[in-house]
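Following: one structure in structure tokens, then a few remarks.
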Amino acid sequence: MRRREFIAGLGSATAWPLAARGQQAAMPVIGFLVNRVRENAPNALAALRKGLSEIGFVEGRNVTIELFANNATDRLPEVVADLVRRRVTVIAASGLAPALAAKSATATIPIVFRIGADPVRYGLVASLNRPGGNVTGVTDIGVDLGPKRLGLLHELLPRASRFAALVNPTNPATESRIAEVTAAALAIGRSVDVVPASTDREIDAAFASLVQKRIDALWVSSDALFINRRLQLTTLAAHHRLPAIYSNHDSVEVGGLMSYGTNILESLYQVGIYTGRILKGEKPSDLPVTRPTKYEMVINLTTAKALGIEVPETLLATADEVIQ
2 MRRREFIAGL GSATAWPLAA RGQQAAMPVI GFLVNRVREN APNALAALRK GLSEIGFVEG
62 RNVTIELFAN NATDRLPEVV ADLVRRRVTV IAASGLAPAL AAKSATATIP IVFRIGADPV
122 RYGLVASLNR PGGNVTGVTD IGVDLGPKRL GLLHELLPRA SRFAALVNPT NPATESRIAE
182 VTAAALAIGR SVDVVPASTD REIDAAFASL VQKRIDALWV SSDALFINRR LQLTTLAAHH
242 RLPAIYSNHD SVEVGGLMSY GTNILESLYQ VGIYTGRILK GEKPSDLPVT RPTKYEMVIN
302 LTTAKALGIE VPETLLATAD EVIQ
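Counting in our numbering, the sequence shown runs from 2 upward without gaps.
Now the structure itself:
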């Protein structure tokens with residue numbers, strides 16, 4: 002079996018081959034769109050494979066996976082158009098932008114998504130229980146993760162008065178996330194400075210502005226861009242001695258202070274299960290959109306000590322993981 006992986010790192014000139022590749026293989030083909038850069042793709046692929054194996058599909062034996070991992074959303078229409086032309090069996094999409102690109106490209110090829118936004122609001126499905134059409138998947142909707150993160154940051158730093166939110170203006174879900182975190186801040190008598198950034202240079206500039214504004218703590222939006230840039234973000238936060246909370250444990254593992262969010266790999270495992278069920282003959286319209294069952298809080302005590310922060314015992318007791 003010859004499996005082709007099309008992986009383009011952010012900013013890379015590597016192109017998705019658009020030339021004809023001959024007849025489609027006899028076994029079903031899954032087009033896997035991951036809103037991540039090269040180094041993050043293997044874990045996502047492993048999670049999808051794990052879910053598929055639960056339904057009896059093993060890559061190379063009875064299914065083929067073609068992977069595209071890139072955070073450059075402007076290339077998504079081109080990539081999805083190629084998948085549709087070649088009539089892949091199922092499209093699995095991790096991230097709102099890949100899911101929307103797939104939805105706009107085909108009304109017939111089944112699509113299974115993993116997103117951190119409301120799929121009804123963005124037109125992916127008719128309803129969570131009855132998706133209708135050719136799309137279903139996993140979503141965080143209904144869980145107030147953004148407000149929860151701000152609440153945890155406030156619990157860690159009760160004297161902090163100036164909060165900031167780092168957001169990606171190119172993410173379709175950013176507007177709703179700003180509204181949620183702003184409302185959460187007002188509920189605890191605080192305000193939030195919203196700082197946009199969508200490139201390396203803009204991230205550097207954002208941190209410079211945070212220092213000038215004398216921000217006490219930073220809330221980082223759940224966004225593939227920021228997960229991909231986690232080392233840059235955590236390095237800047239450490240350099241400027243700025244406490245920050247992130248959406249993903251990967252950021253804490255590389256030096257971030259704290260995170261709270263879903264286990265993305267667990268969600269992609271569920272995407273694999275749904276994809277396998279569709280390959281077995283079930284329809285996306287009959288598979289309700291599911292929600293993750295696992296949320297995790299991770300605290301890096303080494304980073305806390307470096308910042309001079311004493312973590313309350315209440316937080317330590319409820320943390321799923323404490324990095325010493």
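Positions of the beta carbon are idealized from the N, C-alpha and C atoms, including for glycine.
Spatial neighbours of residue i in its chain, beta-carbon cut-off 8 Å, leaving aside the 5 residues before and after
| i | result |
| --- | --- |
| Ala108 | Gly134 and Asn135 |
| Val326 | One cannot answer for residue 326 here, as it falls past the ends of the chain, which runs 2 to 325. |
| Thr294 | Glu267 |
| Arg230 | Asp201 and Ile204 |
Exposure of residue i, with buried meaning 16 or more beta-carbon neighbours within 10 Å
| i | result |
| --- | --- |
| Asp83 | buried |
| Ile189 | exposed |
| Glu314 | exposed |
| Asn301 | buried |
| Ser260 | buried |
| Lys306 | exposed |
| Arg242 | exposed |
| Glu79 | exposed |
| Arg150 | buried |
| His240 | exposed |
| Ser162 | exposed |
| Glu67 | buried |
| Ser248 | buried |
| Ala20 | Low confidence applies here, because Ala20 scores a pLDDT of 36, under 50, leaving its location unreliable and the question unanswered by this model. |
| Ser192 | exposed |
| Ala47 | exposed |
| Gly61 | exposed |
| Asp205 | exposed |
Nearest-angstrom beta carbon gap, residue j and residue i [assumed within contact, 8 Å]
| i | j | result |
| --- | --- | --- |
| Thr140 | Arg292 | 6 Å |
| Leu146 | Ser223 | 7 Å |
| Arg290 | Leu129 | The residue you asked about is not Arg; residue 290 is Val in the sequence shown. The pair is a contact, with the Cβ atoms about 4 Å apart (cut-off 8 Å). |
| Ala174 | Ala118 | 4 Å |
| Pro244 | Thr137 | Not really, about 38 Å apart at Cβ, beyond 8 Å. |
| Leu258 | Thr304 | 5 Å |
Contact set for residue i: own chain, Cβ-Cβ below 6 Å, skip 5 residues either direction
| i | result |
| --- | --- |
| Val35 | Ala42, Ala45, Ala70 and Ser95 |
| Ile265 | none |
| Pro29 | Val64, Thr90 and Leu280 |
| Thr185 | Contrary to the premise, residue 185 reads as Ala rather than Thr in this sequence. The answer, listed in chain order, is Pro148 and Leu151. |
| Ile216 | Arg163 and Ala165 |
| Ala218 | Leu154, Leu158, Ala161, Phe164 and Pro244 |
Beta-carbon contacts of residue i that lie in its chain and below 7 Å, excluding the five residues immediately before and after
| i | result |
| --- | --- |
| Lys51 | Tyr270 and Gly273 |
Exercise for review: Pick out the complete alpha helix (DSSP H) segments inside the stretch 188–220, 4 residues or longer, and give them in chain order.
Suggested key: 201–213
Practice item. Quick one: which unbroken alpha helix (DSSP H) runs of 4-plus residues sit fully inside the stretch 221–279? Chain order, please. Key: 225–229, 231–240 and 250–254
Review point. Quick one: complete alpha helix (DSSP H) runs, 4+ long, within the stretch 287–312?
Key: 302–307
Check your understanding: Between the stretch 91–102 and the stretch 120–132, do three or more beta carbon pairs fall short of 8 Å?
Key -> yes
Check your understanding: Between the stretch 308–322 and the stretch 79–95, are three or more C-beta pairs nearer than 8 Å?
Key -> no
**Study point:** Segments of 4+ residues assigned as alpha helix (DSSP H) that fall wholly inside the stretch 90–144
**Key:** 97–106
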